[in-house]
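What follows is a set of notes on a single structure, which appears directly below.
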Amino acid sequence: MSLKTLKAILLTSSLVIGMGAANAQTLKWARAGDSLTLDPHAQNEGPTSALAHQISEPLIIRDMTGKPVPALATEWGPSESDPNVWWFKLREGVKFHDGAEFDSEDVVFSFNRAMSEESNFKELLSSVVEVRANGKYGFEIVTNGPNPIMDSNLTNLFIMDKGWAEANNAVKVQDVEGGEDTFAARNANGTGPFILVSREPDAKTVLTRNDNYWGIDEFPMEIKDIIYTPIQNQATRVAALLSGEVDFIQDVPVQDLARVGETKGLKVITAPQNRVIFFGMNQGDADLETDNVEGKNPFADLRVRQAVNIAIDREAIKKVVMRDQSVPAGMISPPFVNGWTAELDAVPAYDVEKAKGLMADAGYGDGFSIRLNCPNDRYINDEAICQASVGMLAKIGIDVQLEALPKAQHFPLIGGLQTDFYMLGWGVPTYDSEYIFNFLVHTKGEKFGSWNGVRFSDPDLDVKIQGLASETNLEKRNQMIADIWEVVQREQLYIPIHHQVLNWGMADKVDTIVSPEDTPMFKYFKLSE
Amino acid sequence: MLAFAIKRFFQSIIVLLVVGLVAFSMFNFVGDPVDSMLGQERTDADVERVRISLGLDKPFPVQYYKFLQGAVKGDFGISYRQGRPASEIIAERLPATLELAFVSAFLAIVFGVVLGIFTAIRRDGWLANTIMSLSLIGVSLPTFLIGILLIYLFSVELGWLPSFGRGDVVDLGWWKTGLLTKSGLLALILPSITLGLYQMTLIMRLVRSEMLEVLRQDYIRFARARGLKDKSIYFRHALKNTLVPVITVTGMQLGSIIAFAIITETVFQWPGVGLLFINSIRFVDIPVMAAYLMLISVMFVSINLIVDLLYFAIDPRLRVGKSGGAK
Amino acid sequence: MFSKLADNIQRAKKSDFMYAFRHSPVAMISFLVAFILILSAIIAPLIAPHNPFDPATLNLMNGFSAPMVPNQYTSEVFLLGTDDQGRDVFSTILYGMRISLFVGFAAVTFAMVLGVSLGLIAGYVGGWVDAIIMRIADVQLTFPGILVAMLIFGIAKGFTPIDQRDEMAIWVLIIAIGLSEWVQFARVVRGATLVEKNKEYVQAARLNGRRSGGIMLGHILPNVLGPVLVIATISLALAIIAEATLSFLGVGAPPTQPSLGTLIRIGQGYLFSGEWWILLFPALTLLMLALSVNLLGDWLRDVLNPKLR
Numbered sequence: 002m003s004l005k006t007l008k009a010i011l012l013t014s015s016l017v018i019g020m021g022a023a024n025a026q027t028l029k030w031a032r033a034g035d036s037l038t039l040d041p042h043a044q045n046e047g048p049t050s051a052l053a054h055q056i057s058e059p060l061i062i063r064d065m066t067g068k069p070v071p072a073l074a075t076e077w078g079p080s081e082s083d084p085n086v087w088w089f090k091l092r093e094g095v096k097f098h099d100g101a102e103f104d105s106e107d108v109v110f111s112f113n114r115a116m117s118e119e120s121n122f123k124e125l126l127s128s129v130v131e132v133r134a135n136g137k138y139g140f141e142i143v144t145n146g147p148n149p150i151m152d153s154n155l156t157n158l159f160i161m162d163k164g165w166a167e168a169n170n171a172v173k174v175q176d177v178e179g180g181e182d183t184f185a186a187r188n189a190n191g192t193g194p195f196i197l198v199s200r201e202p203d204a205k206t207v208l209t210r211n212d213n214y215w216g217i218d219e220f221p222m223e224i225k226d227i228i229y230t231p232i233q234n235q236a237t238r239v240a241a242l243l244s245g246e247v248d249f250i251q252d253v254p255v256q257d258l259a260r261v262g263e264t265k266g267l268k269v270i271t272a273p274q275n276r277v278i279f280f281g282m283n284q285g286d287a288d289l290e291t292d293n294v295e296g297k298n299p300f301a302d303l304r305v306r307q308a309v310n311i312a313i314d315r316e317a318i319k320k321v322v323m324r325d326q327s328v329p330a331g332m333i334s335p336p337f338v339n340g341w342t343a344e345l346d347a348v349p350a351y352d353v354e355k356a357k358g359l360m361a362d363a364g365y366g367d368g369f370s371i372r373l374n375c376p377n378d379r380y381i382n383d384e385a386i387c388q389a390s391v392g393m394l395a396k397i398g399i400d401v402q403l404e405a406l407p408k409a410q411h412f413p414l415i416g417g418l419q420t421d422f423y424m425l426g427w428g429v430p431t432y433d434s435e436y437i438f439n440f441l442v443h444t445k446g447e448k449f450g451s452w453n454g455v456r457f458s459d460p461d462l463d464v465k466i467q468g469l470a471s472e473t474n475l476e477k478r479n480q481m482i483a484d485i486w487e488v489v490q491r492e493q494l495y496i497p498i499h500h501q502v503l504n505w506g507m508a509d510k511v512d513t514i515v516s517p518e519d520t521p522m523f524k525y526f527k528l529s530e
Numbered sequence: 136m137l138a139f140a141i142k143r144f145f146q147s148i149i150v151l152l153v154v155g156l157v158a159f160s161m162f163n164f165v166g167d168p169v170d171s172m173l174g175q176e177r178t179d180a181d182v183e184r185v186r187i188s189l190g191l192d193k194p195f196p197v198q199y200y201k202f203l204q205g206a207v208k209g210d211f212g213i214s215y216r217q218g219r220p221a222s223e224i225i226a227e228r229l230p231a232t233l234e235l236a237f238v239s240a241f242l243a244i245v246f247g248v249v250l251g252i253f254t255a256i257r258r259d260g261w262l263a264n265t266i267m268s269l270s271l272i273g274v275s276l277p278t279f280l281i282g283i284l285l286i287y288l289f290s291v292e293l294g295w296l297p298s299f300g301r302g303d304v305v306d307l308g309w310w311k312t313g314l315l316t317k318s319g320l321l322a323l324i325l326p327s328i329t330l331g332l333y334q335m336t337l338i339m340r341l342v343r344s345e346m347l348e349v350l351r352q353d354y355i356r357f358a359r360a361r362g363l364k365d366k367s368i369y370f371r372h373a374l375k376n377t378l379v380p381v382i383t384v385t386g387m388q389l390g391s392i393i394a395f396a397i398i399t400e401t402v403f404q405w406p407g408v409g410l411l412f413i414n415s416i417r418f419v420d421i422p423v424m425a426a427y428l429m430l431i432s433v434m435f436v437s438i439n440l441i442v443d444l445l446y447f448a449i450d451p452r453l454r455v456g457k458s459g460g461a462k
Numbered sequence: 037m038f039s040k041l042a043d044n045i046q047r048a049k050k051s052d053f054m055y056a057f058r059h060s061p062v063a064m065i066s067f068l069v070a071f072i073l074i075l076s077a078i079i080a081p082l083i084a085p086h087n088p089f090d091p092a093t094l095n096l097m098n099g100f101s102a103p104m105v106p107n108q109y110t111s112e113v114f115l116l117g118t119d120d121q122g123r124d125v126f127s128t129i130l131y132g133m134r135i136s137l138f139v140g141f142a143a144v145t146f147a148m149v150l151g152v153s154l155g156l157i158a159g160y161v162g163g164w165v166d167a168i169i170m171r172i173a174d175v176q177l178t179f180p181g182i183l184v185a186m187l188i189f190g191i192a193k194g195f196t197p198i199d200q201r202d203e204m205a206i207w208v209l210i211i212a213i214g215l216s217e218w219v220q221f222a223r224v225v226r227g228a229t230l231v232e233k234n235k236e237y238v239q240a241a242r243l244n245g246r247r248s249g250g251i252m253l254g255h256i257l258p259n260v261l262g263p264v265l266v267i268a269t270i271s272l273a274l275a276i277i278a279e280a281t282l283s284f285l286g287v288g289a290p291p292t293q294p295s296l297g298t299l300i301r302i303g304q305g306y307l308f309s310g311e312w313w314i315l316l317f318p319a320l321t322l323l324m325l326a327l328s329v330n331l332l333g334d335w336l337r338d339v340l341n342p343k344l345r
C-alpha cells in the first residue's frame, strides 16, 4: 500500500463510519460476552438467554421492569380442582419464523426437551411430573406436590417448533458434554420478534424484524435490524460506543459512565440489578487449609464473622470502587425477591474498633492470615472490591492473600470446597427466597446446597427449606421464609457487600429502560430521531 | 538429502508429541470445564455425571492416549463452549488471523526494508537517527498499550478508523476475506500496525546492519571506484545481498506474529484464532485449546522443517545446524 | 576467576570503551536514566512516601486523587496521584519497578546461564549432544515466549500449594521469559566456541592437560563476553516488556503486589475516564526504562562489534 492510498483511505474513512450510522432503524448492540449456543435449552446463562429472547419466546416473559407478562401464554394459574396442576391458555394464531403454526404440541415437546438429561433447565422443572396438552391451545403442568411459584420458573424456558426440530434432527438437546453438534445449536426458528439472519460466533450476529410477529402492533417494534457484536476488552467496548460504531452497550465500566454521559449524542441509564455480591467463609470445618491457625477454624467463631462483617466499609467501596453505582447490602437477596425486607437489608455499621474488640474476644487479637478467592471477569469490578477488602481486613489484623482468577477457575473452587473465603454473586431468576436457600443455605448434598461453600449445615433448617416447595399457603410460606432469613442473618452465614447496579450506555436515539435481568427485549425499544 | 529429510521429519514428529503432551497436561490445571458448562442451577450429581461423560474421571495417560487418537485424525472433539467440532471452529477463524498476520508481515517488510535502507545510507543524518530512536519507542511499550492508544487516537478522538472487528467480509466459500471490502481494509489498519510494529523495527535494524556490512565489502568499493552511481550500488548490489537474511528472519518471525496476534486480537476484538484461544482459556474449552496449540505447533515445526531443508539444499556443508557464528 | 575476566575486559576494552562512551551523548544519557531508575527501585523503601504493598496502610477513600490535588474526602495530596485502590502512584511505581526489574534481571540471568552453558557444551562437545541441544533451541525459537509462559503458568499452578501462588507467579514469569531468551545466548556462544576450539591456544591448553571445563571457562568465555553482554542488555528490555504483556493476559504479578506491567493493565481501564495519571506515569516509567536499556544495548553492540563501525 503506497502512502498516497493510505492517506486517501484515512481521509475517506470518517465518511464510511458516519454512513454506517445513517440507517436509523438499525441497532448496533455490543456487550462483553457472546451467546454460547442458539439451542435454547442447552445453556442457562445471561448472554445466551438475551439473544434467544429476541428470536424465541417462553410462555411468560418478564418485561423490561421485571414483571411477568403474557408471551405465548395469555392466561395461566394453579388449578382450582387439583393443587398439583398449573394450567395455561396458549396464544392463538402465532406462527414460527418458517411459517409453521404454534400450538400445544410444540409446548409439550419443548417442555419435555427442557426436562431431558442434557438440558440446562431441568433443575428449574425438577418438581414436574408430567406435561400435557389440553386441546390445541391448552397446556397443563403436573407437579409432584403443590408448587406455588411454578410460573416464575418459566420465564427463560423457550418454546421450539416440534416439526422443525424433528425435521432437522434436533429433538435432543445439544449434548455439549457428549460432543454433539446439533442443527439447533447453529440455527433458530422461534416465534419471537426478530429473525436470525446470520451468525458468526464471537464476531457478529445479525437479526431482522419479524413483520409477522403476533405483537407487531402491541409493542413499539421500531428496530428493523440488530447487529450484535461481542467486544470483550472493556476499553475497546467503550471506544466503540464513543466513536459511534455501536449504539448500545450493556456493560459500561463504572469509571467511564461520566465520559459516556457527557459525550454528545450518548447517554447512560441506570437501574439496580437482580444480583447481590457477597463473601462466603468456611465456618463448618474444624480446621482450615488456607489459614495460618493450627487446629482451629477462626471463621467457626461467630464473633470473627461478625468482625469481618463490620470491618468492611461498604460505603467506601460504593464511593470509590463502584463510583456510586452500587447499593450496599445487609442480606444476600436482591430487593426484587420475595422475602427481602428493608430491615434485613440494613447495612451494618462500619466500625473498626468494635471489630477489633470482637476479634480480641474470639482470641484472635493478633489476627490471622487467610486466602481470599475472587473472580476477575465475572462481576462489576470484582477484583477491585476484593483488593479493597484486603486493605480493610488488614486493619483488624486479618492478613489476606488475594487470589483473583477467571470465573472458569474460580467457581470450581467453591463447588469443590477448595476455598475457605471467597466472593460470590447471586441472581434470583425466580424472584423468590427459596431459590437462595436451596443453593446457598441448605446442607450441601446431592440435590441441594451445591453452592453452599460456607459448609453451614442445620438439619432442622433443611427440613424447613424443603418444605417451602410444597407450602401453598402463601402467608404461612412467607413466615417460613422470614424464619429462615432470621437464622441466616443471626449466624452471619455470609458477608453481603452490595447489590449491583446496571449501566446501559446508548446513543440518544435509543429509548428504553434498564431490565433488572440485564436482558434487553428489543421489541420494547423505541428509536427516536 | 532424502535421509536428512526423513530424519528431520521424524524429529519433528517427536517435537509435536512433546508439545501435545505439555499442552494436554496443562489442561488439567487451567480449571474445571464442568462448572462453566453447567449453569448456576447445577447440582453436585450433575457435576459428577458430566465429569464421567467427558472422561475426566479417567487416569491421565488414558486421557492423553484418547486425545492423541483423535488428534491424528484431526478430531479434537467438540468445543465445550460452542458445541461444534473444535477443528471446524479453528478452520473458520483461521482466515481472519492469517490475513492479519500476512498484512502486518507485509507492512513490516515494506516499511522495515525501506527505512532500513534509508537509515543505512544516511547513517549519521538526523532523520535517520530520529527514525532509529523512534523505532525503539515502538518496542519499548507493550503491544496491548500501543493498540489501545491507537484506538484512542484514531477511533475515539479522530473518528477515522474502526476500533474493533473485521468490517464486512466476503465469503469465498472456503475463506472469508476482509480484503475485498472497504470496511474490511479499514478495519485491518490499526490491528496490523499494532501487530507489525515490532517486526518492522526488527527488520529495519537487520536491513540497516546488513546494508552497512555489505557497503563495506570490497566489491562495493570497487563498484564505487568504477564510477557506478550510488543508487545502482545501493539497490542492485547492496540490497540484493541483504534480502536473504531478511526473508529468513521474517519466516522465523511468522510464528511470533501469530502468537502476538493473541493480544492484538483481544484488544481489537478481531475474530481470529488468537481471540478464540483466549476465550477458550477463560471457558476452559479444552478441545479448542488443544486444537489451537497443535495447529500452532504444526505450523512452527513445518516452518522450521522447511527452513532447514532449504538451508540444506543451498549449503550441504550445514549438517546439523544453521546455527552459525555470531551475528 | 572473575577478577581475571574483568582484568581481561578492562585491558582490552578500557580505553576504547570509555572513549566511545564519553563521546556518545545517547549512551551517557541512557546510562544515567537507567541508573537512576534502577537505583530508585532498589532504594524504594527509603524514598517512597508509603509502602503500597502493605494493605493495612491503604485508605480506599484516597482513591483516584489527581496529582497534586487534595483528595475530596481526605484532603491528602499525592505527587503523582493515586490509583483505584488509593495507592500513591509514585510509591507504587517505585515498588512495581522493583518487581519488573527483579523479573527482568532474574529471567536474563537464568537465560544467560542456561544459554551460555548449553552453547559451550554444544560447541565444545559436538556430535549428537550438539544436535540435540540445537534442535531444542530451534523449537524454542519458533515457539513464542508468551505461549510458553501461558503453558508453564498453567502447569505450575497445578503443582503449587495454594498459599504459595503469589510467589509462584513471579517465578513462573522468570522461568517462562528466561526460557524464551536463552536460545540467542546459546547460538552465539556455540558459534564462538566452534571457532575458538580449534585455535592453537585451546589445543595447547588441552595438551597441557587442562580439563575441558577449565578450557571453556578460561579461554573461550572471555572471547564471547562482548556479544553476550549485548544480548543480555537487549534481553533485559525484552523481558521487562514481556512481563507487561503477560500481565495483560492475566499471567502476571498479582494485583496486590503489582509490577509496572500490572499497573499499566490496571491503568488502561482509565484511559477514557479522565484519570490519565494512573496509566501515564507507569507507562512513561516503563518506556524510559526499556528505552534506555535498549539504547544502551544498541550502543554496546556498535562498540563491541567493530565490524559495524
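Chains as they are written, first to last, in the working numbering: chain E, 2 to 530; chain X, 136 to 462; chain Y, 37 to 345.
Glycine residues also receive a C-beta, built at the ideal position from the N, C-alpha and C atoms.
Going by C-alpha positions, residue 203(E) is about 20 Å away from residue 57(E). DSSP places residue 71(Y) in the uninterrupted alpha helix (DSSP H) bounded by 61 to 78.
At a cut-off of 8 Å, the C-beta of residue 294(X) has a neighbouring C-beta in chain E. Closest by C-alpha distance to residue 346(X), out of 288(X), 310(X), 138(X), 381(X), is 381(X). The three-state secondary structure of residue 106(E), taken from DSSP, is helix.
Distance from the CA atom of residue 317(X) to the CA atom of residue 429(X), rounded to whole angstroms, is 34 Å. Excluding its 5 nearest sequence neighbours in each direction, residue 29(E) has C-beta neighbours in its own chain below 6 Å: 228, 247, 248, listed in chain order.
In the structure shown, residue 94(Y) adopts coil according to DSSP, grouped into three states. For the 8 Å CB-CB criterion, residue 188(Y) and residue 212(Y) form a contact. Rounded to whole angstroms, residue 184(E) and residue 251(E) show a C-alpha spacing of 29 Å. Secondary structure of residue 376(E) (DSSP, three-state): strand.
For residue 27(E), the closest C-alpha among the options 212(E), 226(E), 453(E) is that of 226(E).
In its chain, beyond the 5 residues on either side, 48, 49, 52 have a beta carbon closer than 6 Å to the beta carbon of residue 36(E). For residue 38(E), the neighbours in chain X by C-beta distance under 7 Å run, in chain order, 217, 218.
Between residue 404(X) and residue 410(X), the gap from beta carbon to beta carbon is short of 8 Å.
Interface residue (Cβ-Cβ distance to chain E less than 8 Å): residue 401(X) is classified as such.
Approximately 35 Å separates the beta-carbon atoms of residue 168(Y) and residue 289(Y); this is outside 8 Å, ruling out the contact.
For residue 233(E), the neighbours in chain X by C-beta distance under 7 Å run, in chain order, 401, 404. Listed along chain E is no residue with a C-beta nearer than 9 Å to that of residue 89(Y); the closest approach is about 11 Å. Under the three-state reduction of DSSP, residue 240(Y) is assigned to helix. Beta-carbon to beta-carbon, residue 442(E) and residue 485(E) are separated by about 7 Å, close enough to satisfy the 8 Å threshold. With a threshold of 8 Å between beta carbons, residue 427(X) makes no contact with chain E.
For residue 496(E), the enclosing beta strand (DSSP E) begins and ends at 495 to 508. With a 10 Å radius around the Cβ and a threshold of 16 neighbouring Cβ atoms, residue 80(E) comes out exposed. Scanning 150(E), 160(E), 122(E) for the CA closest to the CA of residue 140(E) turns up 160(E).
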